[in-house]
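The structure under discussion appears below in the form of C-alpha cells.
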C-alpha cells in the first residue's frame, strides 16, 4: 500500500502547499509495478485541486484508489470522484446528529454536509458498484456511550459498511519512553497517536464500563434490526487493558511497516505514518527507500524490540494488541534511570 497525505502540522514550516502533481505521477508510476493501492488522506484530500486527475491516473494504471475524508466538501466534489473512477470512499463520522458531530472539529453543519455528500455520491453512482462507500468512526469522549446511535445513523444513510476504531493515544510516560528510545536508537520521528498530557489513559474506569454497555447495545442491534450493516468491530478487545497505562506485549503483531509507505507533501517517504523517514521522492525513488539502509536499520530495530514505544496505541496494532500480566507503563523516574 502507498499512502499519500498531508505533512503533519509540525512539519508545515518545511513545506507549504499541496504535493506537486509530478511527484504523485512519479509515485503512482513506480507503485503500479508492485501491485500497490493508494490511499489519499489528510490533511483533507478533498481540498486538493487535482484530486480528480490523481484518481484518474490511478484508474489508468488499474490501481485501487482509496480516499479518507471528513466529508465536508463531499457533495461539491461528488461528480469528480465518481467520474474519475474512485473505488473506495471512507468518510469519518464520529457523531449521530448535528451537535455530536460538530464537537469533532467545531464545524457547524458538518453532520448535514456528510449526509448530503453521501446521498449525492449514491445518486451519481447509480447502479454502478463504485465507489464503495464506507463510514469510519473513532471511539471518543463524545460518542463512547452512544455507538449504537451512530450505527443506526449509518444504516439510515443507506451505507452498509461501517468500521469502529478505538481511540489512538499516548500517555506522558509512553511519550517519555518514545523520546528516550529515539535518543538510544535514532528510530522514531513522530507518533501517530494523540499525546494526552497529564493523564494515564484516554478513558476512566467508569467510562470504560459505559463503553462496554454501549457495545453490548450495538451488538444487539447488529444481530437484529441492523443485521444488514457490515460492521468491523473488534469484539474481543481487552478494553480494560487498552484504556490503561499498560504497555503492549511483544506478541502484539503489526504489518504496517512492511506493507505500507507514506508519502508526505514535502516528498518524504516514511513508514508508520510519520514514524520514521526513509527517503524522499524529490531526490530518490520508492524502491531505493525500500531497499535502503535507513529502512533496513528500522526493520532490524523492530525485529529486536518487537514493539517500540511509539507503538503504544497505534492503529497498526489496535486490533491485534496483547498485554502481559506484568506489562505496566514505566514511570518517569524509571525512564530517567534507564536513560542513565
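Numbering (our numbering), first residue to last: 20 to 359.
All C-beta atoms in this analysis are idealised placements derived from N, C-alpha and C, irrespective of residue type, glycine included.
On a predicted model such as this, the values are computed, not experimentally measured, just so you know.
Cβ neighbour criterion (16 or more within 10 Å) applied to residue i
| i | result |
| --- | --- |
| residue 9 | The structure shown has nothing for residue 9, since the chain only spans 20 to 359. |
| residue 136 | buried |
| residue 251 | exposed |
| residue 343 | exposed |
| residue 120 | buried |
| residue 162 | buried |
| residue 242 | exposed |
| residue 114 | buried |
| residue 318 | exposed |
| residue 126 | exposed |
Where residue i falls: helix, strand or coil (DSSP)
| i | result |
| --- | --- |
| residue 300 | coil |
| residue 128 | coil |
| residue 262 | coil |
| residue 84 | strand |
| residue 181 | strand |
| residue 228 | helix |
| residue 59 | strand |
| residue 197 | helix |
| residue 280 | strand |
| residue 287 | strand |
| residue 35 | Because the pLDDT at residue 35 is just 39, under 50, the model does not fix this residue reliably, and the point stays unresolved. |
| residue 251 | strand |
Residue from the options with nearest C-alpha to residue i
| i | options | result |
| --- | --- | --- |
| residue 302 | 197, 343 and 285 | 285 |
| residue 85 | 42, 101 and 147 | 101 |
| residue 265 | 327, 256, 331 and 211 | 331 |
| residue 229 | 216, 288, 336 and 160 | 160 |
| residue 221 | 198, 232 and 259 | 259 |
| residue 279 | 267, 268, 295 and 70 | 295 |
| residue 166 | 141, 240, 87 and 62 | 240 |
| residue 208 | 179, 338, 288 and 263 | 288 |
| residue 210 | 196, 106 and 152 | 196 |
| residue 116 | 244, 168 and 179 | 168 |
Test: residue i CB closer than 8 angstroms to a CB of chain D
| i | result |
| --- | --- |
| residue 225 | Reference to chain D is not applicable here, since this structure consists of a single protein chain. |
Whole-number beta carbon distance between residue j and residue i, since they are thought to touch under 8 angstroms
| i | j | result |
| --- | --- | --- |
| residue 185 | residue 158 | 5 angstroms |
Check your understanding: Enumerated in chain order, which unbroken segments of the beta strand (DSSP E) with a length of 3 residues or greater are wholly contained in the stretch 96 to 155?
Key -> 107 to 111
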